[in-house]
Amino acid sequence: MKGRKFLFFLGGGLLIIAGALQYQWRDKALSFHPSFEIERVEKIQFGKASPDSNPPLPQLVTLVKAKQPDASDWRIPDLSNARADEEKIERLLKEIRRSKGRLVGGGPSRFSNFGLQNEEAFQISLFDGNWAPLLTWLLGTKKEGAGTFIREPGSNRVYHVDSNLLEAAGIQGDLAYEKPTYDFWIKEEK
Numbered sequence: 010m011k012g013r014k015f016l017f018f019l020g021g022g023l024l025i026i027a028g029a030l031q032y033q034w035r036d037k038a039l040s041f042h043p044s045f046e047i048e049r050v051e052k053i054q055f056g057k058a059s060p061d062s063n064p065p066l067p068q069l070v071t072l073v074k075a076k077q078p079d080a081s082d083w084r085i086p087d088l089s090n091a092r093a094d095e096e097k098i099e100r101l102l103k104e105i106r107r108s109k110g111r112l113v114g115g116g117p118s119r120f121s122n123f124g125l126q127n128e129e130a131f132q133i134s135l136f137d138g139n140w141a142p143l144l145t146w147l148l149g150t151k152k153e154g155a156g157t158f159i160r161e162p163g164s165n166r167v168y169h170v171d172s173n174l175l176e177a178a179g180i181q182g183d184l185a186y187e188k189p190t191y192d193f194w195i196k197e198e199k
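Just add 9 to the spot in the sequence shown (first one is 1) and you have my numbering.
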C-alpha cells in the first residue's frame, strides 16, 4: 500500500512539474521582448519598399553614430554627414528596447491583416559598429490602439507590441502612403 501511495504522489508531482514547464514554454512562445544593448547600437536603418518602382526599391534612412576624439554623436551620411537629432534617436531606441508584445497571429495569408506584407511594411534594423545586425523588425501599417504590429523577417509569427514605434520613427500620416524621410531626423540648430 505504501508503494502505491508513493507512486501516486510521485506521478502527481511529475504532472505538476510538467504542467509548469509547459506553461512557462507557452508563455515564452506567446510573448515577445527584444534583447539588445542600446549602447552597442551604432547604425540604424529605417525604410519602406517603394510601391512605385518595379521591383519595389527600398527607401532607406540611415543614421550612423560618429566617433570623434572629443564627442560621439549621430550623423546622416546621405546628407553630407548632417547632425541627427540624438534625442529622437534615443527615444526610438528606448521605445524598441522597452517593447513588450503578445502573439496575435501568423502565417503569410494573414500578414495583410496587420500591414506586414513585405511591400507595405516598414523595416527597422539596428547594427553594431561592424554592421553586425542586432535587431531587424518589420513594422505593420495597420493600427490597433497605441501599439505596433511587428514580425521578424522570415518569421510567420506576428506580435502586437505596446510601443508606437512608427511614431517614434517619425511616421505619423497615412501609413499606407507615408515614407521615411530625413527631415524628421535632422537636428535643428538653436
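Positions of the beta carbon are idealized from the N, C-alpha and C atoms, including for glycine.
Keep in mind the model is a prediction, meaning the values are calculated, not measured.
Inset, instruction - Tell me whether TYR186 is buried or exposed, calling it buried when 16 or more other Cβ atoms sit within 10 Å of its Cβ. - result: exposed
Legend entry - the segment 113-128 contacting the segment 137-146, beta-carbon criterion three pairs below 8 angstroms: As far as the Cβ criterion goes, the segment 113-128 does not touch the segment 137-146, which means the pair count is below three.
Inset, instruction - Determine the extent of the alpha helix (DSSP H) in which LEU175 is found, giving its start and end residues. - result: 174-177
Inset, instruction - Please report the residue range of the alpha helix (DSSP H) in which LEU102 lies. - result: 95-107
Legend entry - Proximity below 7 angstroms, CB of LEU184 to CB of THR150: yes
Legend entry - According to DSSP, residues forming a beta bridge with PHE158: Paired residues: HIS169.
Legend entry - Close Cβ partners of PRO189 (< 8 angstroms) along its chain, the five nearest in sequence each way excluded: Result list for PRO189: PHE55, GLY56, LYS57, GLN68, LEU69, VAL70, PHE131, ALA178, GLY179, ILE180, in chain order.
Inset, instruction - List the whole-angstrom C-beta distance separating ARG107 from SER172, where the pair is believed to meet the contact cut-off of C-beta under 8 angstroms. - result: 7 angstroms
Legend entry - Continuous beta strand (DSSP E) stretch holding PRO117: start and end: Premise fails: PRO117 is in no beta strand (DSSP E) and is neither H nor E.
Inset, instruction - Using 10 angstroms around the beta-carbon of GLU198, count the other beta-carbons present and answer buried if the total reaches 16, otherwise exposed. - result: exposed
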